[in-house]
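K.L.:
Numbering (full-length UniProt numbering), first residue to last: 1 to 134.
The beta-carbon is built from N, C-alpha and C at its ideal position, and this holds for glycine as well.
Bear in mind that the values here come from a model prediction, so they are computed numbers and not experimental data.
My questions all concern the structure below.
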């Protein structure tokens, strides 16, 4: 299985660059959710994967910047949090997992800084997540 993220030119749906192209023979590495954000003049992608990680890439350099570990089950969703806009421009990713926990990661300081426990079922973020205040 390929672990592949392609960036498309919006106007004519042409692939402008391949950000990630790694062969993965293990099904558990599959990405489950992906998000894009422009923060502090840089463009980033984040992803949640079956291997229980949340990873961040720099779009321009195509570099994998970091992967966060903390979930005990596959990560279904990873989104850049609106927390960035309301709290001193912190670069925050919010992730949810089959472990029924929401985790907040500050990728400027490489740290998980908050968890929300006690959910009774899986957690999925709505498509308008960026309009929500956390």
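Using the three-state DSSP reduction, which class does residue 103 fall into: helix, strand or coil?
P.N.:
Strand.
K.L.:
Look up residue 98 in the DSSP assignment and say whether it is helix, strand or coil.
P.N.:
In the structure shown, residue 98 sits in coil (DSSP, three-state: anything other than H, G, I, E or B).
K.L.:
What's the gap between the Cα of residue 95 and the Cα of residue 65?
P.N.:
Distance between the alpha carbons of residue 95 and residue 65 is about 17 Å.
K.L.:
If you check the beta carbons only, do residue 56 and residue 44 fall under 8 Å apart?
P.N.:
Contact flag set, yes.
K.L.:
Look at the alpha carbon of residue 92 and the alpha carbon of residue 51, and state the distance between them as a whole number of angstroms.
P.N.:
Going from the Cα of residue 92 to the Cα of residue 51 covers about 20 Å.
K.L.:
Can you find the residues in the same chain that come closer than 6 Å, C-beta to C-beta, to residue 112, ignoring five residues on each side of it along the sequence?
P.N.:
Around residue 112: 70, 103 and 105.
K.L.:
By Cβ distance, which residues of its chain are closer than 6 Å to residue 115, with the 5 residues on each side in sequence left out?
P.N.:
So the qualifying residues of the chain are 101 and 103.
K.L.:
Determine the closest residue to residue 109 out of 67, 77, 37 and 78, with distance taken between C-alpha atoms.
P.N.:
Selected option, being the one with the closest Cα: 67.
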